[in-house]
Amino acid sequence: MGAPSLLAKVIANKVSNEGSSNKVKSDASSKSSPSSSASSSASGCFASDTSITLSNKKQIPIEQLQSNDKLLTTDGSTIFSTQFMLMLDKNRFSQAMFHTITTASGHNVSLTGLHLIPIIENNNTINYIPAKQIKINDNVYVMSNDQLISSAVTSVTIETKTGYYAPMTTSGDVSSKSSSSSSASSSASGCFASDTLITLSNKKQIPIEQLQSNDKLLTTDGSIIFSTQFMLMLDKNRFSKAMFHTITTASGHNVSLTGLHLIPIIENNNTINYIPAKQIKINDNVYVMSNDQLISSAVTSVTIETKTGYYAPMTTSGTLFAGGIMTSSYANVQNHEAAHFSMGLLRFYYWLAQLLFINEPFGHQNIEGIHIVPKAMYELVQFLYPSALRFS
Numbered sequence: 001m002g003a004p005s006l007l008a009k010v011i012a013n014k015v016s017n018e019g020s021s022n023k024v025k026s027d028a029s030s031k032s033s034p035s036s037s038a039s040s041s042a043s044g045c046f047a048s049d050t051s052i053t054l055s056n057k058k059q060i061p062i063e064q065l066q067s068n069d070k071l072l073t074t075d076g077s078t079i080f081s082t083q084f085m086l087m088l089d090k091n092r093f094s095q096a097m098f099h100t101i102t103t104a105s106g107h108n109v110s111l112t113g114l115h116l117i118p119i120i121e122n123n124n125t126i127n128y129i130p131a132k133q134i135k136i137n138d139n140v141y142v143m144s145n146d147q148l149i150s151s152a153v154t155s156v157t158i159e160t161k162t163g164y165y166a167p168m169t170t171s172g173d174v175s176s177k178s179s180s181s182s183s184a185s186s187s188a189s190g191c192f193a194s195d196t197l198i199t200l201s202n203k204k205q206i207p208i209e210q211l212q213s214n215d216k217l218l219t220t221d222g223s224i225i226f227s228t229q230f231m232l233m234l235d236k237n238r239f240s241k242a243m244f245h246t247i248t249t250a251s252g253h254n255v256s257l258t259g260l261h262l263i264p265i266i267e268n269n270n271t272i273n274y275i276p277a278k279q280i281k282i283n284d285n286v287y288v289m290s291n292d293q294l295i296s297s298a299v300t301s302v303t304i305e306t307k308t309g310y311y312a313p314m315t316t317s318g319t320l321f322a323g324g325i326m327t328s329s330y331a332n333v334q335n336h337e338a339a340h341f342s343m344g345l346l347r348f349y350y351w352l353a354q355l356l357f358i359n360e361p362f363g364h365q366n367i368e369g370i371h372i373v374p375k376a377m378y379e380l381v382q383f384l385y386p387s388a389l390r391f392s
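According to UniProt numbering, the stretch in the sequence shown is residues 1 to 392, in order.
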């Protein structure tokens, strides 16, 4: 490939479009940002003038991506192929605020402020941070003459542009003309980290990857502990990296969730309020299971980590104990109860399949990627009722 390319969590090539945007130079010492009628963090991630690098080295406009297109990405050591799965968000006509990052190698990419981009730390490890936190001299991965190299950021400008797209790939990454970035914002589509332990109804804990259809798990409604059934894996990816919020409680329990995965906290009036994991704060109270008893425990720490592999199990109750902490089955939605209601037809089909002795009503659980059923439902909701979804 002739033109150099920046590696984002998807390899995207920023195409110049002079006169189409309003630029404001970012000042590293300034706490303020220019006012605008555009959203400072649109749900979309990449600007509409972004070009994506396919595995055959051809670059196409981001709007032309089709399901199963093969794109280029990297894990920081090698360049390899990934597949485009679906557009998490798309809006051709709305304006949004973008952080345009330019590197010494001449690459640049425009991302919304909460979109993740990997920087190279001094010990050569990768650290995914929101685009709005990128600073001059941070090093990012770029693809130049088909080679993976690091390049220093030379400028960050804040621009208002029209149109944005949020592509999701099987690896969670893409490559752009300027830099490497994440195909997800601060939350990947996956929900739980691969090192999560799930509590079965017999009190035994097993790795999340070992869940099988019809397994009986423990959960709670906030008053009693009861049994629920594992239905299907909404999403599964053993090899992709994602950003997780690892929540630790005073009781010693911990769980790693993507930022938009819902987790219930206990309000002062003892009611349950489901909030995204990224909104959890120190001293928030959550339900944990300790010595077979349901108790509340205060959050003592929240750390953001990059881990490999993620899983999104769905249960008949819409809840489960993960790492001994009560969590929701749902992510990327505004309301847990509404999400659970919308899955009513799936539960009916699941129960009907059980009566008919169908062992795998949703197909084999070893399939990687987003399951076709929730994927279709997600796209339907995005079309009919997009405000029900949460992107940032």
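Glycine residues also receive a C-beta, built at the ideal position from the N, C-alpha and C atoms.
Query, Result
"Where lysine 90 sits in the DSSP three-state scheme", "strand"
"Alpha-carbon spacing of methionine 85 relative to threonine 112, whole angstroms", "21 Å"
"For aspartate 215 and lysine 203, the rounded distance between their alpha carbons", "12 Å"
"Neighbourhood of asparagine 285 by C-beta distance below 8 Å, restricted to the same chain and skipping five residues each side", "Ile265, Ile266, Ser296, Ser297, Ala298 and Val299"
"Three-state secondary structure (DSSP) of alanine 353", "helix"
"Candidates Pro130, Ala193 and Thr53: closest to methionine 143 by CA position", "Thr53"
"Whole-angstrom distance between serine 342 and glutamate 354, CA atom to CA atom", "The displayed chain sequence assigns glutamine, not glutamate, to residue 354. Cα to Cα, the separation comes out at about 20 Å."
"Straight-line Cα distance separating methionine 233 from threonine 271", "29 Å"
"Sheet register partners of leucine 346 (DSSP bridge)", "Bridge partners of leucine 346: none, in fact."
"Cα-Cα separation, methionine 289 to isoleucine 358", "32 Å"
"Local conformation of histidine 336 per DSSP, three classes", "helix"
"Closest by C-alpha distance to serine 77, when choosing among Ile149, Val302 and Tyr274", "Ile149"
"Isoleucine 158 versus asparagine 137 - alpha carbon distance", "17 Å"
"Separation of threonine 82 from asparagine 273, as counted between CA atoms", "37 Å"
"CB contact flag (threonine 199, phenylalanine 321, <8 Å)", "yes"
"The beta strand (DSSP E) enclosing asparagine 139, as first and last residue numbers", "139-144"
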